[in-house]
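Peer 1: Please find one structure pasted underneath; my questions will follow.
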Amino acid sequence: MDNNDKTHFGSRTVSHNEKTTLVNDVFSSVAKHYDIMNDLMSFGVHRLWKKEFVSMVPKTKGSILDLASGSGDIALKIYKNQKLIGNESKLVLSDINPDMLVLAKENFLNNGIVADNISYVIAKGEELPFEDNSFDVVTISFGIRNFTYLEKGIEEIYRVLKPTGRFMCMEFSRPMDPVKFAYDKFSDIVIPKIGKYVAKNEEAYQYLVESIRKFPSQEEFKSMIQNAGFSSVNYKNLSFGIVAIHTGHKV
Numbered sequence: 247m248d249n250n251d252k253t254h255f256g257s258r259t260v261s262h263n264e265k266t267t268l269v270n271d272v273f274s275s276v277a278k279h280y281d282i283m284n285d286l287m288s289f290g291v292h293r294l295w296k297k298e299f300v301s302m303v304p305k306t307k308g309s310i311l312d313l314a315s316g317s318g319d320i321a322l323k324i325y326k327n328q329k330l331i332g333n334e335s336k337l338v339l340s341d342i343n344p345d346m347l348v349l350a351k352e353n354f355l356n357n358g359i360v361a362d363n364i365s366y367v368i369a370k371g372e373e374l375p376f377e378d379n380s381f382d383v384v385t386i387s388f389g390i391r392n393f394t395y396l397e398k399g400i401e402e403i404y405r406v407l408k409p410t411g412r413f414m415c416m417e418f419s420r421p422m423d424p425v426k427f428a429y430d431k432f433s434d435i436v437i438p439k440i441g442k443y444v445a446k447n448e449e450a451y452q453y454l455v456e457s458i459r460k461f462p463s464q465e466e467f468k469s470m471i472q473n474a475g476f477s478s479v480n481y482k483n484l485s486f487g488i489v490a491i492h493t494g495h496k497v
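For our numbering, add 246 to where a residue sits in the sequence shown, where the first one is 1.
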């Protein structure tokens, strides 16, 4: 394997193309159990994290892109909070995994939401099929760590944002000392076992734990966002840094 073609899939070293396929397979295998697993793994605290995240999304009558939408729970909360109406209002849910987007569409339908200004797009985060300067806001939650080319993904987000547009990212991060030891033990031992008995896929959830460990720290990720051209880059730690919300503006 060419050294330039190496990346990580959890604790394994794989080619970039192989990582894309493996990540896609992971989320196809856990799609049906995705939301209940989030509740079990976080003891429901993920709902509070997401509520905080959505409350920070700037109000707009324009266009919002939700990347790595998964089951669509964040996008649904954004839609309800924004009350997107009007000819220019638009919400796009995008994910590389078609099984997850099916769940997202069902989630909206089950909530009685069918609208012409909502669309679902299968796409890689590093190769977005949108024109430059298309969106007022781009959001992504618990998905960017799965990108094969992280820097390229951030650059793509910058490209599709309109000038003065806002980027918002919520991701697992590096917890602080008061909770780090207990959190690491819980992640190593409990989460894969929950995956084994509930989702019937221990390996997939072992990958998710390892992918969190491999993700850059708060300060490292902040620098990556700045290097892509964003200004006013900041982050807010939640639950002692278990999760961080990163924000930035396109100049």
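C-beta: ideal position from N, C-alpha, C; glycine also.
Just so we're clear, the structure is a prediction, and the values are computed from it rather than from any experiment.
Out of curiosity, what's the CA-to-CA distance linking residue 468 and residue 356?
Peer 2: Going from the Cα of residue 468 to the Cα of residue 356 covers about 37 Å.
Peer 1: Starting from residue 267, trace the alpha helix (DSSP H) in both directions and tell me its first and last residue.
Peer 2: 262 to 276 is the extent of the alpha helix (DSSP H) around residue 267.
Peer 1: Might you give, ordered along the chain, the residues of its own chain that have their beta carbon closer than 6 Å to the beta carbon of residue 437, omitting 5 neighbours on each side?
Peer 2: Contacts found: 287, 451, 455.
Peer 1: Do residue 349 and residue 278 have their C-beta atoms within less than 9 Å of each other?
Peer 2: Contact: yes.
Peer 1: Going straight from the alpha carbon of residue 247 to that of residue 258, what length do you get?
Peer 2: Annotation note: pLDDT 49 at residue 247 (below 50); position unreliable, no value reported.
Peer 1: Taking buried to mean at least 16 other C-beta atoms within 10 Å of its own C-beta, is residue 510 buried or exposed?
Peer 2: The question about residue 510 has no answer, for the chain in this structure spans 247 to 497.
Peer 1: Could you check where the alpha helix (DSSP H) with residue 301 kicks off and where it finishes?
Peer 2: Counting along the chain, the alpha helix (DSSP H) containing residue 301 begins and ends at 291 to 302.
Peer 1: Report, in whole angstroms, the separation of the C-beta atoms of residue 441 and residue 382, which I expect to be a contact under 8 Å.
Peer 2: Actually they are not in contact, since the Cβ atoms of residue 441 and residue 382 sit about 37 Å apart, beyond 8 Å.
Peer 1: For residue 340, count the other beta carbons within 10 Å of its own beta carbon; 16 or more makes it buried, fewer makes it exposed. Which is it?
Peer 2: Per the 10 Å Cβ criterion, buried.
Peer 1: Return yes when the Cβ of residue 389 is within less than 9 Å of the Cβ of residue 316, no when it is not.
Peer 2: A contact, by the Cβ cut-off of 9 Å.
Peer 1: With a cut-off of 8 Å, do at least 3 Cβ pairs link the segment 363 to 382 to the segment 408 to 421?
Peer 2: Segments in contact, yes.
Peer 1: Here's the rule: buried if 16 or more other CB atoms are within 10 angstroms of the residue's CB, otherwise exposed. What is residue 392?
Peer 2: Counting Cβ neighbours within 10 Å, residue 392 comes out buried, since at least 16 surround it.
Peer 1: Does the segment 395 to 403 come within contact of the segment 481 to 493, defined as at least 3 CB pairs closer than 8 Å?
Peer 2: Segments in contact, no.
Peer 1: Using the beta-carbon count (16 or more within 10 Å), is residue 463 buried or exposed?
Peer 2: Exposed is the call here.
Peer 1: Tell me the residue span of the alpha helix (DSSP H) that contains residue 461.
Peer 2: Counting along the chain, residue 461 falls outside any alpha helix (DSSP H), and DSSP gives it neither H nor E.
Peer 1: Is it the case that the Cβ atoms of residue 491 and residue 416 are separated by a distance below 9 Å?
Peer 2: The answer is yes: Cβ separation under 9 Å.
Peer 1: I need the straight-line Cα distance from residue 310 to residue 336, nearest angstrom please.
Peer 2: When rounded, the distance between both Cα atoms is 6 Å.
Peer 1: Do residue 266 and residue 370 come within 9 Å of each other at the CB atom, strictly closer than that value?
Peer 2: Taking 9 Å as the Cβ cut-off, residue 370 and residue 266 qualify as a contacting pair.
Peer 1: Do residue 476 and residue 387 have their beta-carbon atoms positioned less than 9 Å apart in this structure?
Peer 2: Contact: no.
Peer 1: Using DSSP with H/G/I as helix, E/B as strand and the rest coil, what is residue 409?
Peer 2: Residue 409: strand per DSSP, three-state reduction.
Peer 1: Going by beta-carbon coordinates alone, are residue 419 and residue 320 separated by less than 9 Å?
Peer 2: Result no, Cβ atoms of residue 419 and residue 320 do not sit closer than 9 Å.
Peer 1: Looking only at its own chain, which residues have a Cβ that is under 7 Å from the Cβ of residue 274, when we skip the five neighbours before and after it?
Peer 2: If we look at residue 274 and ignore the five residues flanking it on each side, its Cβ neighbours are 343, 345.
Peer 1: CB-CB under 6 Å to residue 474, same chain, minus the five flanking residues each way: which ones, in chain order?
Peer 2: Taken in chain order, the residues that qualify are 400, 401, 404.
Peer 1: Run through DSSP, which three-state label would residue 420 get?
Peer 2: Three-state result, residue 420: coil.
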